[in-house]
Amino acid sequence: MAKPMITFFSAPKPFTNPHINTIQRNAIQSWIRLGDKVQVLLLGDDEGVDRVASEFKVPHLSQVRCNEKGTPLISSMLELAREHSNSPFLCIINTDILVMPDMLDGLEKVANLYKRFLLVGQRWDLEVNESLQTTEDLFGHVGELIRRYGRLHPPMGSDYFIFPRTCFTHIPDFAIGRAGWDNWMIFKARLEGWIVVDGSQDITIAHQDHDYSHLSGGLPHYRQPETAANVKLAGGDHTIFTLHDAQAKLVDGSIQKIPLTWKRFWRQIEIFPITFFKSKTLSQISYFLFHPRKTYLAFRRLVHESLHRNDK
């Protein structure tokens, strides 16, 4: 068998909720349908992961380190993905994401130009309640659903990260499925001087809508305590980078520099201390100057937490 070009790896949610079970199986099926260029790894020991991995005939790696709440750590996931794959590129992806063959086309375009990069992109939000496992023309069917019902998600988060296996060799112990770590991935790439490419226009992915009943209190991931822990591990609010911080984009099969607008100009000024000087202190000062209200609220929250600890 030929060496795969890319390894997709993910830590699925438990397969106990019927809807989550359906959409995760749909997502995994779409990855496998990409063919021999893709290796798929399912990580974690949540209920049903071993069974589904066996059903789809893909490796199951249960020995993922977790935090105190039992949430898999991305650092451990990356270690396992490197240990159990030999593809030149890796893709950490959420297990509710449907992909299309244009993802591989986009990767080839970027890899032909850059040795070190991060390829990310926006998603289409889509309500899917049906099983797509036996759909003969899966990609054609998903494409039609997106055209008819898809809603383009704002460029504030990412659901896949493609990069050479030589990148992101060290990463904090972020909790998967919580906010903050995805922003840090873009921050880290910019910090290291790797090109960040926005593949939104050429790479089509669909996020299958779901509720948050699998999370504490049924609250969204960005309202979970683990999100605050992720941001703290990342180094603070100045590490919150988004797709707006990409330097290039895929357009009709070619890679183009993103034009400089006034908004992008001021953003580049804001992040210049960290992307050029690599200075955390200067970056924090710059963040304060550009976001005084957010800084004040964060400071007030820290004071409140400190006083609360002292009262105990």
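In numbering that gives the first Met the number 0, the protein residues as written are 0 to 311.
Note that CB positions come from ideal geometry on N, CA and C, so glycine has one too.
Residue i vs residue j beta-carbon contact at 9 Å
| i | j | result |
| --- | --- | --- |
| residue 312 | residue 38 | Not covered by the structure: residue 312. The range shown for the chain is 0 to 311. |
| residue 103 | residue 166 | no |
| residue 179 | residue 96 | no |
| residue 138 | residue 91 | no |
| residue 318 | residue 229 | As displayed, the chain neither begins before 0 nor continues past 311, which places residue 318 out of reach and without an answer. |
| residue 25 | residue 127 | yes |
Length of the line joining the Cα atoms of residue i and residue j
| i | j | result |
| --- | --- | --- |
| residue 18 | residue 264 | 44 Å |
| residue 209 | residue 151 | 16 Å |
| residue 74 | residue 197 | 24 Å |
| residue 65 | residue 296 | 31 Å |
| residue 203 | residue 143 | 12 Å |
| residue 232 | residue 171 | 6 Å |
| residue 218 | residue 225 | Any reading at residue 218 must be qualified, since the residue scores a pLDDT of 49, below 50, and its modelled position is unreliable; no value is offered. |
| residue 44 | residue 63 | 8 Å |
| residue 275 | residue 267 | 10 Å |
| residue 271 | residue 287 | 14 Å |
| residue 258 | residue 201 | 17 Å |
| residue 15 | residue 54 | 16 Å |
| residue 46 | residue 77 | 21 Å |
| residue 131 | residue 98 | 13 Å |
| residue 175 | residue 189 | 21 Å |
| residue 256 | residue 162 | 19 Å |
Three-state secondary structure assigned by DSSP to residue i
| i | result |
| --- | --- |
| residue 264 | helix |
| residue 110 | helix |
| residue 251 | coil |
| residue 157 | coil |
| residue 150 | strand |
| residue 274 | helix |
| residue 246 | coil |
| residue 8 | strand |
| residue 127 | coil |
| residue 73 | helix |
| residue 297 | helix |
| residue 145 | helix |
| residue 240 | coil |
Residue span of the alpha helix (DSSP H) that contains residue i, given as start and end
| i | result |
| --- | --- |
| residue 52 | 48-55 |
| residue 38 | Element bounds for residue 38: not the alpha helix (DSSP H) but the beta strand (DSSP E), 37-42. |
| residue 281 | 279-289 |
Residues of its chain near residue i, where Cβ-Cβ distance is below 7 Å and the 5 sequence neighbours each way are ignored
| i | result |
| --- | --- |
| residue 93 | 9, 158 |
| residue 80 | 6, 8, 40, 89 |
| residue 113 | 194 |
Proximal residues to residue i (C-beta, below 6 Å), its chain only, five neighbours per side dropped
| i | result |
| --- | --- |
| residue 59 | 41, 49, 52 |
Where the beta strand (DSSP E) through residue i begins and ends
| i | result |
| --- | --- |
| residue 180 | Element bounds for residue 180: not the beta strand (DSSP E) but the alpha helix (DSSP H), 180-191. |
| residue 18 | Where residue 18 is concerned, there is no enclosing beta strand (DSSP E), although the alpha helix (DSSP H) it sits in stretches over 17-31. |
| residue 205 | 204-207 |
| residue 259 | It is not in any beta strand (DSSP E) - residue 259 carries neither H nor E in the DSSP assignment. |
Proximity test, residue i beta-carbon vs the ligand SAM heavy atom, cut-off 8 Å
| i | result |
| --- | --- |
| residue 192 | No copy of the ligand SAM occurs in the structure displayed, which carries no ligand at all. |
Beta-carbon contacts of residue i that lie in its chain and below 8 Å, excluding the five residues immediately before and after
| i | result |
| --- | --- |
| residue 185 | 117, 119, 157, 195, 240, 241, 242, 244, 245 |
| residue 299 | none |
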